[in-house]
Amino acid sequence: MCRLWPPALAHARHAYLLAHPADTLVHALKYEGWRELAPLMGRAMAAVPLPPLPPGGRRIVVPVPTTRQRVRRRGYNQAHLLASSVAERLGLELREALVRRRGGATQVALHPSQRRANVRGAFQAREETRPALRGMHILLVDDVLTTGATAVAAAVELALAGVSEVTLLTYARALPFLRGTEP
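Next up, the structure:
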């Protein structure tokens, strides 16, 4: 999987494996409206060691955006709630630098190649944030890392906006052998 990642997506970190009880917390946050879990989950994410910055390097936190329809249905973007908690705990700037250009099917039941196709070109850097992104080290925050398709699509767009590198930080990491599906 990692060999398919672009150079801009330099690192991936996670707080837990997507197994009980982490999977229950992710599901409750994402699908059951338990937004109160975000600070607890964000605290665990903020405790994950991050790659060191080069001298003079600056890191900002960027949440993975979701579709407007999902925000309307849930009432929030779970990645934004997690990113906000992480940014606050680490004393970093939070910037909504990406927008979701188009929706797409839910990724849950898709094969890795379908996931990549589903999110290819789905993100766009906000025009007003492009100058502030140049040369930055981005901490891209999402709830779960499964195949990396979403992170790759977001990192490609961030690289086009001029960021130095992207580190993905998720609450949980899904492993194929734990789910019983092929990689």
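Per the working numbering, residue -8 is the first one in the sequence shown, and the count goes up by one each step. Where a beta carbon is used, it is the ideal one built from N, C-alpha and C, also for glycine.
Just to confirm the assignment, what range does the alpha helix (DSSP H) spanning residue 3 have?
First-last for residue 3: 0 to 8, but that is the beta strand (DSSP E), not the alpha helix (DSSP H).
Hey, is the segment 16 to 31 in contact with the segment 63 to 71, meaning 3+ C-beta pairs nearer than 8 Å?
Yes: the two stretches touch, three or more of their Cβ pairs being nearer than 8 Å.
Taking residue 143 and residue 162 to be in contact with their CB atoms under 8 Å, please state how far apart those CB atoms are, rounded to whole angstroms.
Contact doesn't hold; Cβ gap of about 19 Å is too wide.
Can you have a look at residue 54 and say buried or exposed, based on whether 16 or more other CB atoms are within 10 angstroms of its CB?
That one is buried.
DSSP three-state call for residue 161: helix, strand or coil?
Strand.
Within 10 angstroms of the Cβ of residue 148, are there 16 or more other Cβ atoms? Answer buried if so, exposed if not.
Result: buried.
According to the Cβ coordinates, are residue 33 and residue 62 closer than 7 Å?
Cβ atoms of residue 33 and residue 62: not closer than 7 Å.
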